[in-house]
Amino acid sequence: MVGQQPQVVVTGSAGFVGSAIVRRLRAAGCPVVGIDRLSSPDTSVVADLRDAAAWRHALAGVDAVVHTAALHAPHVGVRSDDEFREVNVGATRDLLEASASAGVRRFVYTSSTSVYGHALESADEAVWVTEDVACRPRDIYDETKLAAERLVLSAAGTMGAVCLRIARCFPEPPAIRARHRLYRGVDVADVAEAHLSAVRGRQQAAGVLNIAGPYPWRAEDRTGLRHDPVALIRRRAPEVVAGFGRNGWALPTSIDRVYVSARAGAVLGYRPRHGVEALLAEPRAGG
479 MVGQQPQVVV TGSAGFVGSA IVRRLRAAGC PVVGIDRLSS PDTSVVADLR DAAAWRHALA
539 GVDAVVHTAA LHAPHVGVRS DDEFREVNVG ATRDLLEASA SAGVRRFVYT SSTSVYGHAL
599 ESADEAVWVT EDVACRPRDI YDETKLAAER LVLSAAGTMG AVCLRIARCF PEPPAIRARH
659 RLYRGVDVAD VAEAHLSAVR GRQQAAGVLN IAGPYPWRAE DRTGLRHDPV ALIRRRAPEV
719 VAGFGRNGWA LPTSIDRVYV SARAGAVLGY RPRHGVEALL AEPRAGG
């Protein structure tokens with residue numbers, strides 16, 4: 479890869495996150511092959527990951543794989559637990575094995591902060607969620623994403639492997655996104671940038687990394703965030719109070735967790751730029 483951009487396969491390329499990653503990688507000059515079961519402008523190979531014969535050829539000559547394809551939280555209760563295991567765990571195992579056989583040097587797994595599960599529950603103070611917090615899965619989605627992480631990390635001996643636990647970045651109404659951007663949300667552009675950094679990859683870019691923020695909070699704010707976040711927001715981010723007021727949005731009355739991305743900053747150079755202030759500055763924010 480010396481002197482040239484890595485060639486990358488992205489699974490889940492028709493999805494909200496996967497397509498954003500494809501576009502960011504291509505903008506950076508990386509040749510990208512998108513794989514998805516659905517056709518899209520960002521998909522080169524239309525295939526279900528459970529059908530390895532349909533996509534295995536796409537790994538020839540590839541430097542890195544970004545694996546975003548999965549069943550997600552909204553599928554819980556709609557798809558069977560067995561299908562979650564087939565897609566989120568079984569297909570990940572197949573992809574890892576095929577990647578190793580093809581000589582892929584780097585594997586980036588798109589995981590979720592949802593895997594922390596019940597560990598996010600605390601009545602006394604907001605949970606300061608670093609990667610050292612022990613995961614306590616709540617449902618089959620959390621269980622299978624965590625199982626897939628373990629598979630990816632076990633492959634670190636054959637290729638560079640990193641799991642990016644991304645915070646909430648659903649395409650939701652602006653008022654909801656704005657509240658989430660205060661403590662548990664992330665902009666998809668920052669998610670895509672983190673994946674680009676992981677693909678380009680320093681050698682130490684391994685293990686599990688939270689991808690969230692930016693937020694204005696400090697660890698000593700945890701009790702205040704749980705019981706009186708408005709006072710903290712007024713003190714640390716008065717412009718946010720004004721922005722919520724202009725739009726007629728209610729500030730959160732309690733914040734139960736803060737996702738911490740300090741490790742991703744140290745390892746990847748991750749510097750999220752699209753916080754709540756950026757969202758409030760968008761023309762559509764008041765829509």
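Take the sequence shown: its position 155, counting from 1, is numbered 633 in my numbering, and each next residue is one higher. Beta carbons: idealized from backbone N, C-alpha and C, even for Gly.
Just measuring C-alpha positions, the residue of S590, L687, A634, G635 sitting nearest A645 is S590. Judged by DSSP secondary structure, R713 falls within the alpha helix (DSSP H) whose first and last residues are 707–714. Taking a contact to require three or more Cβ pairs closer than 8 Å, the region 733–749 and the region 682–694 qualify as touching.
Burial check for L598: the Cβ neighbour count within 10 Å reaches 16 or more, so the residue is buried. DSSP places V666 inside the alpha helix (DSSP H), whose first and last residues are 666–678. For the pair P716 and R749, the Cα-to-Cα distance works out to about 22 Å.
For H545 against F585, the beta-carbon gap comes to about 7 Å, under 8 Å, which counts as contact. In terms of Cβ geometry, V567 and A653 do not form a close pair [threshold 9 Å].
In the DSSP annotation of this structure, A759 is not part of any beta strand (DSSP E); the continuous alpha helix (DSSP H) holding it starts and ends at 754–759. For H545, the enclosing beta strand (DSSP E) begins and ends at 542–545. Per DSSP, the beta-bridge partners of I689 are I644.
For T701, same chain residues with a beta-carbon under 6 Å away, outside a window of 5 residues either side, are E603 in chain order. Counting other Cβ atoms within 10 Å of its Cβ, L574 reaches 16 or more and is therefore classed as buried. The beta strand (DSSP E) runs of length 3 or more contained entirely in the region 523–587 are, from start to end of the chain, 542–545. From the listed residues A578, L703, P761, the smallest Cα separation to D734 is found for L703. Below 8 Å, enough C-beta pairs join the region 657–674 and the region 487–505 to call them touching: three or more. When the beta-carbon positions are compared, Y587 and T608 stay at least 9 Å from each other. Selection R662, T521, I499 evaluated against V736 yields R662 as nearest (Cα-Cα).
R735 carries a strand assignment under DSSP once its states are collapsed to helix, strand and coil.
Check the Cα spacing between A547 and each of G635, V488, L537: the tightest is with V488. In the three-state reduction of the DSSP assignment, R501 falls in the helix class. Between V523 and the set A633, C508, S491, the nearest pair of CA atoms involves S491. Taking the Cα of C641 as reference, the smallest distance to any Cα among F648, V540, E627, D572 is reached at E627.
Take F562, set aside five residues on each side of it, and the residues of its chain with a beta-carbon closer than 7 Å to its own are L549, I618, Y619, T622, in chain order.
V511 and A531 have their alpha carbons spaced roughly 16 Å apart. Burial check for G581: the Cβ neighbour count within 10 Å stays below 16, so the residue is exposed. Between V486 and D572, the C-beta spacing is not below 9 Å.
Sequence-distant Cβ neighbours of G679 in its own chain, meaning closer than 7 Å and more than five residues away, are R584, G638. Excluding sequence positions up to five before and after R714, its CB lies within less than 6 Å of the CB of P694, all in the same chain and listed in chain order. Counting along the chain, D617 sits inside no alpha helix (DSSP H), nor does DSSP assign it H or E at all. The beta carbon of W533 lies closer than 6 Å to those of I513, V523, A525 in the same chain, with the five residues before and after it left out.
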